[in-house]
Ligand code: SF4
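Residue numbers (my numbering): 5 to 69.
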């Protein structure tokens, strides 16, 4: 599984990290650190990846395969 964070949508709420800090992290400005690139979810963390994506109020996190 991979995920993509749409940098145009990410509003820096940090809910993704609050819900799934094992997968997501913020940059120094409070936005998801992975905006604009495709990232591989570490093995076994697919559940938290889904939980964190669902917690994003902007629906900025797209899960891929
Ligand atoms: S991905 Fe969503 S929840 Fe995470 S910092 Fe961006 S807007 Fe907030």
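Even glycine gets a Cβ: it sits at the ideal position worked out from N, Cα and C.
Can you tell me the Cα-Cα spacing of residue i and residue j, whole angstroms?
i          : j          : result
residue 55 : residue 28 : 11 Å
residue 65 : residue 24 : 12 Å
residue 63 : residue 57 : 7 Å
residue 14 : residue 22 : 15 Å
residue 45 : residue 53 : 7 Å
residue 50 : residue 16 : 22 Å
residue 59 : residue 35 : 14 Å
residue 40 : residue 48 : 23 Å
residue 11 : residue 26 : 20 Å
Going along the chain, which residues of its own chain have a beta-carbon closer than 8 Å to the beta-carbon of residue i, five neighbours each way excluded?
i          : result
residue 68 : 5, 6, 7, 8 and 42
residue 71 : Because the chain spans 5 through 69 in this model, residue 71 falls outside it and cannot be assessed.
Apart from the five residues on each side of it in sequence, which residues of its chain come closer than 6 Å, Cβ to Cβ, to residue i?
i          : result
residue 38 : 9
Can you give me the Cβ contacts of residue i inside the same chain, cut-off strictly under 7 Å, excluding the 5 residues immediately before and after it?
i          : result
residue 31 : 37
Can you tell me which residues fall inside 6 Å of the ligand SF4, judged by beta-carbon distance to its nearest heavy atom, and keep chain order? Result: 9, 14, 15, 16, 17, 18, 19, 20, 35, 36, 60, 62, 64 and 65.
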